[in-house]
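Chemist: Each residue of the sequence shown is one higher than the last, beginning at 3 in the numbering used here.
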Amino acid sequence: MRPPCIFITARFRSGSTMLWNIFRQIPDVVAYYEPLHEKLPQWMASRVPPQASHPHIDCYFQDYPPVEDLKQHHLAEFGLCRLYLESDESYPPLKNYIQYLIDCRPVGRLPVLQFNRVDFRLAWLKAHFPETPIIHLYRSPRDQWYSSIADSPEALDENPDADPYLITSWARDLCRQFPFLARPYIRHAYQRFYFLWKLSFLVGSRLADLSVAYEAILQQADFIIPQLLRIGHLEVQKNLETCKSVILKRPFERWKHYRSEEWFTGLEQECNEILKKTGLEEDLGKKPLARIIAENRDYQIFSADPAVYTWAIQSSQSAGIQHQIISEEKEQIIQGHEQLIQAKEQVIQGHEQLIQAKEQVIQGHEQLIQAKEQIIQGHEQLIQAKEQIIQGHEQLIQAKEQIIQGHEQLIQAKEQIIQGQEHAIQDMQRHPVRLLARRYLPSGLKEFIRQKRQVFQPRLGQLEQYAPRSFDSSQCDSAPQSSTQGAGLTIALVTPSFNQAGFIEATIKSVLDQQYPELDYIIQDGGSSDTTPEILMQYRSQLSHVESCRDRGQANAINQGFRHSSAELMAWLNSDDLLLPGALAYVARFFQDHPDVDVVYGHRVLINEDGQEVGRWVLPPHDNAMLLWADYVPQETLFWRRSIWEQSGGCLDESFHFALDWDLLLRFSEAGAKFVRLPRFLGAFRVHAQQKTSQELQGQGARECTRLRRRIHGRDISDQEALYQLRAYFRKHLMYDWLYRLGILQF
Numbered sequence: 003m004r005p006p007c008i009f010i011t012a013r014f015r016s017g018s019t020m021l022w023n024i025f026r027q028i029p030d031v032v033a034y035y036e037p038l039h040e041k042l043p044q045w046m047a048s049r050v051p052p053q054a055s056h057p058h059i060d061c062y063f064q065d066y067p068p069v070e071d072l073k074q075h076h077l078a079e080f081g082l083c084r085l086y087l088e089s090d091e092s093y094p095p096l097k098n099y100i101q102y103l104i105d106c107r108p109v110g111r112l113p114v115l116q117f118n119r120v121d122f123r124l125a126w127l128k129a130h131f132p133e134t135p136i137i138h139l140y141r142s143p144r145d146q147w148y149s150s151i152a153d154s155p156e157a158l159d160e161n162p163d164a165d166p167y168l169i170t171s172w173a174r175d176l177c178r179q180f181p182f183l184a185r186p187y188i189r190h191a192y193q194r195f196y197f198l199w200k201l202s203f204l205v206g207s208r209l210a211d212l213s214v215a216y217e218a219i220l221q222q223a224d225f226i227i228p229q230l231l232r233i234g235h236l237e238v239q240k241n242l243e244t245c246k247s248v249i250l251k252r253p254f255e256r257w258k259h260y261r262s263e264e265w266f267t268g269l270e271q272e273c274n275e276i277l278k279k280t281g282l283e284e285d286l287g288k289k290p291l292a293r294i295i296a297e298n299r300d301y302q303i304f305s306a307d308p309a310v311y312t313w314a315i316q317s318s319q320s321a322g323i324q325h326q327i328i329s330e331e332k333e334q335i336i337q338g339h340e341q342l343i344q345a346k347e348q349v350i351q352g353h354e355q356l357i358q359a360k361e362q363v364i365q366g367h368e369q370l371i372q373a374k375e376q377i378i379q380g381h382e383q384l385i386q387a388k389e390q391i392i393q394g395h396e397q398l399i400q401a402k403e404q405i406i407q408g409h410e411q412l413i414q415a416k417e418q419i420i421q422g423q424e425h426a427i428q429d430m431q432r433h434p435v436r437l438l439a440r441r442y443l444p445s446g447l448k449e450f451i452r453q454k455r456q457v458f459q460p461r462l463g464q465l466e467q468y469a470p471r472s473f474d475s476s477q478c479d480s481a482p483q484s485s486t487q488g489a490g491l492t493i494a495l496v497t498p499s500f501n502q503a504g505f506i507e508a509t510i511k512s513v514l515d516q517q518y519p520e521l522d523y524i525i526q527d528g529g530s531s532d533t534t535p536e537i538l539m540q541y542r543s544q545l546s547h548v549e550s551c552r553d554r555g556q557a558n559a560i561n562q563g564f565r566h567s568s569a570e571l572m573a574w575l576n577s578d579d580l581l582l583p584g585a586l587a588y589v590a591r592f593f594q595d596h597p598d599v600d601v602v603y604g605h606r607v608l609i610n611e612d613g614q615e616v617g618r619w620v621l622p623p624h625d626n627a628m629l630l631w632a633d634y635v636p637q638e639t640l641f642w643r644r645s646i647w648e649q650s651g652g653c654l655d656e657s658f659h660f661a662l663d664w665d666l667l668l669r670f671s672e673a674g675a676k677f678v679r680l681p682r683f684l685g686a687f688r689v690h691a692q693q694k695t696s697q698e699l700q701g702q703g704a705r706e707c708t709r710l711r712r713r714i715h716g717r718d719i720s721d722q723e724a725l726y727q728l729r730a731y732f733r734k735h736l737m738y739d740w741l742y743r744l745g746i747l748q749f
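#1: Name, in chain order, the residues that DSSP records as bridge partners for His138.
#2: Could you pull the DSSP bridge partners for Asp527 from this structure?
#3: What is the DSSP secondary structure of Ala686, counted as helix, strand or coil?
#4: For Glu466, which three-state DSSP category applies?
#5: In angstroms with no decimal places, state the Cα-to-Cα distance between Ile323 and Phe203.
#6: Thinking His690 and Asn576 are a contact (beta carbons under 8 Å), I'd like their distance in whole angstroms, please.
#7: If I measure Cβ to Cβ from Pro166 and keep anything under 6 Å in the same chain, skipping five residues before and after, which residues do I get?
#8: Residues in its own chain within less than 7 Å of Gln614 by CB, not counting five upstream and five downstream?
#9: Less than 8 Å between the CB atoms is what I'm expecting for Phe641 and Val589, so what's the real figure, rounded?
#10: Under 8 Å, do Arg643 and Phe593 count as touching if we go by C-beta distance?
#11: Determine the DSSP secondary structure at Tyr34, reduced to helix, strand or coil.
#12: Using 10 angstroms around the beta-carbon of Glu396, count the other beta-carbons present and answer buried if the total reaches 16, otherwise exposed.
#13: Taking the beta carbon of His39 as the centre, do at least 16 other beta carbons fall within 10 Å, making it buried, or is it exposed?
#14: Are the stretch 79–92 and the stretch 29–43 in contact at 8 Å, needing three or more beta carbon pairs?
#15: Restricting to Cα atoms, I'd like to know which of Arg669, Pro623 and Gly617 is closest to Gly685.
#16: Pick out the complete beta strand (DSSP E) segments inside the stretch 114–163, 3 residues or longer, and give them in chain order.
#17: Is Thr11 closer than 8 Å to Ile136 when the C-beta atoms are compared?
#18: Tell me which residues share the same chain as Ile327 and place their Cβ nearer than 8 Å to its Cβ, disregarding the 5 neighbours each side in the sequence.
#19: Mark Glu263 as exposed unless 16 or more other C-beta atoms lie within 10 angstroms of its C-beta, in which case mark it buried.
#20: Is Val513 helix, strand or coil when you go by DSSP?
#21: Taking His605 as part of the beta strand (DSSP E), name the residues at either end of that continuous run.
#22: Starting from Gly617, trace the beta strand (DSSP E) both ways and give me its first and last residue.
#23: Strictly by DSSP, which residues pair up with Leu571?
#24: Under the rule that 16 or more other beta-carbon atoms within 10 Å means buried, what is Val214, buried or exposed?
#25: Quick one: give me the first and last residue of the alpha helix (DSSP H) that Asn98 is part of.
#26: State the DSSP-derived secondary structure class of Lys360, mapped to helix, strand or coil.
#27: Beta-carbon within less than 6 Å of Met20's beta-carbon, same chain only, minus the 5 sequence neighbours each way: which residues are those?
#28: Is it true that the CB of Glu656 sits closer than 8 Å to the CB of Ala573?
#29: Can you tell me where the alpha helix (DSSP H) holding His276 begins and where it ends?
#30: Would you list the one or two residues that DSSP bridges to Val678?
#31: What are the start and end residues of the alpha helix (DSSP H) that includes Lys246?
#32: If distances are taken between C-alpha atoms only, which option among Gln502, Leu538 and Pro94 comes closest to Leu514?
#33: Where does Leu580 sit, in a helix, a strand or coil, going by DSSP?
#34: With a Cβ-Cβ cutoff of 8 Å, do Ser18 and Asn118 count as a contact?
#35: Whole angstroms are fine: how far does the CA of Val50 sit from the CA of Ala164?
#36: For Trp147 versus Tyr216, is the C-beta spacing smaller than 8 Å?
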């Protein structure tokens, strides 16, 4: 499954623009360039053109939302302040801004965010965006340094606090976490650059999902680019050549024009010794920084050096940084600076005592580490015990809810029994002769009367009315029309499916054989594990859209399907039902000739799993009062206009799994829709053992029907009361059913 987005983390001048441009070539991707840059809104407003060193790029910002909207979320501080964040820290503005960019992308496209300012926020990103993979890009530090200073390399030799690509600005913010970035420990600006490069490399290579070298992309594009695409579940074969086309070959080891290898090696060794001495070489990215500092006495000495904070203040003043957060922190530092200076003499005096005590500290350090490990183990055990208690508590709550639900069901059942008894008493009072006949007539005569009464029983609701017989669907096309009639109206037809390989091909053929030219036929499969995907592949070229992925039920699948069409007429057909010949053309023609009609449906044929006919529903003309008590509208024959769909909410209620069509019809009725029952058999409803309708009728279906009746009437309605209220509708149905069976009415 495709991730929600991809994060790219890299240092400046490491090839991150090229990597951003590689992803930008893919149609399924929306790529954001430097989203944390402090001047991003100004750049967008002034339409800053691409740099000459960035070939194959026409614009940096075309995928961003409008600049006025972006200004409501973007803060300049994102790129200059709080550059170090642990996983448990809270920074709501930054989190909300990143989520805003993710949510702004067009539907179906993958957001890729290219960062140059999150090197030391990766733990925080992984904690707050756990499903998002991170790609770490790095480059040879010497080539990266030369690329950063190539325009004026001589200017750096006399100024250790030079600020190419913000290395000193970053150091001012990060010196609280990494005090060796401060001026007292820096002889040349390259050392500060190398510290930041090495720290970024340690974190990125340990926390990112994929760590890749810039040089590897240039030299091994056929091997590296597929890895990049697969991390976002993007098609490799389709996009590989396009992505390779924007890679520009550049020479390596240009740093040799600047200084000798010995010069670079000497400065790098000094930096590496400090990183090793402080424990960062071994543990950065593996442990929280606070834990590394607590376990390393040398690191604590670095952190306590007042010269670090003095440099940060003086450097900030000379740079003229005016950001609000830094200003607030600066005032706090100034207030404490005098105290630090006063305490400095005391620190120097006590330093000798600290050195003498160091050996004792070292001896006891191992004991402290062992004790700490035991505490951590005990803490983990406490957490596990707490989780078990929480799980047990949740299970108790669930059990309690089930008991309450069972109790409510018992109360409802009791009320239904009382209502049934009341109806029986009323029936006895109204029909005393019927009661006497039941008690005193001979059994043979009662059986004869029962058989005769069945002839006059309503057939609506009966799914198997007689023994299976051969079914010829073409006989239902009693008024054949050309498939082009009514073709001025487009129809969106969605088929939701899940593991219906035995029936779905017949469903597809019944739709495609309509040969209706203005049809958007969409199949939304829920990730079937049978042979459904192979069947769908056979018909893919004849379908407007087909998709197989997990969904949240039938209503969710249908809603997803309708999003792929804007047709004027709408319907859905379940993957085990059929459309009868000519149905689409007939429905479209009727809507075209009757612009005042919003919803139509027709008669239903009942078939079994072998396609044999087992019954028919012949319905009387539409009666809005019927919908207040039950739903006898055959769903597979139901069509409606998009206008009434949008007036009624524009979606199916996904909380329904059985009565979703009845809920939709009620919302149509509440919106003032005009219904018409068409005089024609439009669809075939399949009755089979695995059928959802049959299985859920007594459980989930009954609860949903009760819920809808309570919504309509404001109280619980028993099945007996509903049937009593429907008796006039059933009498009309019996009349139309008999007239049809006698051949007087023909459909």
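Every residue, glycine too, gets a C-beta built ideally from N, C-alpha and C.
Modeler: A quick look at the data gives this:
#1: Numbered from 1 along the sequence shown, position 136 holds the residue referred to as residue 138. In the DSSP output, where bridge partners are listed per residue, His138 has Thr11 and Ser213.
#2: Taking the sequence shown and counting its residues from 1, one reaches residue 527 at position 525. In DSSP, Asp527 forms a bridge with Ser499 and Ser550.
#3: As a working note, residue 686 is residue 684 in the sequence shown. Here DSSP, grouped into helix, strand and coil, assigns Ala686 to strand.
#4: The residue given as residue 466 occupies position 464 in the sequence shown. Three-state result, Glu466: coil.
#5: What you label residue 323 is simply residue 321 of the sequence shown in a count that begins at 1. What you label residue 203 is simply residue 201 of the sequence shown in a count that begins at 1. Legend: pLDDT at Ile323 = 45, less than 50; position of this residue unreliable, value from coordinates given subsequently. So the two alpha carbons sit approximately 28 Å from each other.
#6: Translated into positions along the sequence shown, residue 690 becomes position 688. Translated into positions along the sequence shown, residue 576 becomes position 574. His690 to Asn576, Cβ: 12 Å. No contact.
#7: Sequence index remark: in the sequence shown, residue 166 carries index 164 (1-based). So the qualifying residues of the chain are Ser150 and Ile151.
#8: Along the sequence shown, one-based indexing puts residue 614 at 612. So the list reads Pro470, Arg471, Ser472 and Phe473, once near-sequence residues are dropped.
#9: As a working note, residue 641 is residue 639 in the sequence shown. As a working note, residue 589 is residue 587 in the sequence shown. That belief holds up - the Cβ atoms of Phe641 and Val589 are roughly 5 Å apart, short of 8 Å.
#10: Locating residue 643 in the sequence shown gives position 641, counting from the first residue. Locating residue 593 in the sequence shown gives position 591, counting from the first residue. A contact, by the Cβ cut-off of 8 Å.
#11: As a first step, residue 34 is located in the sequence shown; it is residue number 32 there, counting from the start. Strand.
#12: To locate residue 396, count along the sequence shown from 1; it is residue 394. It is exposed - the Cβ of Glu396 has fewer than 16 other Cβ atoms within 10 Å.
#13: Translated into the one-based positions of the sequence shown, residue 39 becomes position 37. Buried, since its Cβ has 16 or more Cβ neighbours within 10 Å.
#14: yes
#15: By one-based count along the sequence shown, residue 685 stands at place 683. Checking every option, the nearest Cα to that of Gly685 belongs to Gly617.
#16: 136–140
#17: Start at 1 with the first residue of the sequence shown, and residue 136 comes out as number 134. Start at 1 with the first residue of the sequence shown, and residue 11 comes out as number 9. Contact check for Ile136 against Thr11 passes: the beta carbons are separated by less than 8 Å.
#18: Looking up residue 327 in the sequence shown gives position 325. Confidence at Ile327 is low in this model, with a pLDDT of 44, below 50, so the placement of that residue should be treated as unreliable; the coordinate-derived value is given next. Hits under 8 Å: Glu79, Cys83 and Arg84.
#19: If you number the sequence shown from 1, residue 263 lands on position 261. Glu263 is exposed by the Cβ-count criterion.
#20: Mapped onto the sequence shown, residue 513 falls at position 511. Here Val513 sits in helix by DSSP.
#21: In the sequence shown, counting from the first residue as 1, residue 605 sits at position 603. First-last of the beta strand (DSSP E) with His605: Val601 to Asn610.
#22: Within the sequence shown, the letter at position 615 stands for residue 617. Residues Glu615 to Trp619.
#23: The count along the sequence shown starts at 1 and reaches residue 571 at position 569. Partner(s): Ile493 and Arg643.
#24: Taking the sequence shown and counting its residues from 1, the one referred to as residue 214 is at position 212. So Val214 counts as buried.
#25: Within the sequence shown, numbered from 1, the residue matching residue 98 stands at position 96. That run of the alpha helix (DSSP H) goes Pro94 to Cys106.
#26: Walking along the sequence shown from the start, residue 360 turns up at place 358. If DSSP states are grouped into helix, strand and coil, Lys360 belongs with the helices.
#27: On the sequence shown, residue 20 is found 18 positions in, with the first residue counted as 1. Hits under 6 Å: none found.
#28: As a working mapping, residue 573 is identified with position 571 in the sequence shown. As a working mapping, residue 656 is identified with position 654 in the sequence shown. Contact: no.
#29: What you label residue 276 is simply residue 274 of the sequence shown in a count that begins at 1. First, the amino acid is wrong: residue 276 is Ile here, not His. Where Ile276 is concerned, the enclosing alpha helix (DSSP H) stretches over Glu263 to Lys279.
#30: For the purposes of this step, residue 678 is taken as the residue at position 676 of the sequence shown. Per DSSP, Val602.
#31: Your numbering for residue 246 matches position 244 in the sequence shown. Counting along the chain, the alpha helix (DSSP H) containing Lys246 begins and ends at Val238 to Lys246.
#32: Start at 1 with the first residue of the sequence shown, and residue 514 comes out as number 512. The candidate whose alpha carbon is nearest that of Leu514 is Leu538.
#33: Reading the sequence shown from its first residue, position 578 is the one you call residue 580. Here Leu580 sits in strand by DSSP.
#34: As a working mapping, residue 18 is identified with position 16 in the sequence shown. As a working mapping, residue 118 is identified with position 116 in the sequence shown. Yes, they are a contact pair.
#35: Here the question's residue 164 lines up with position 162 in the sequence shown. Here the question's residue 50 lines up with position 48 in the sequence shown. If I take the Cα positions, the gap works out to 25 Å.
#36: Position 145 of the sequence shown, counted from the first residue, corresponds to residue 147. Position 214 of the sequence shown, counted from the first residue, corresponds to residue 216. Their beta carbons are not under 8 Å apart, which means Trp147 does not touch Tyr216 by this criterion.
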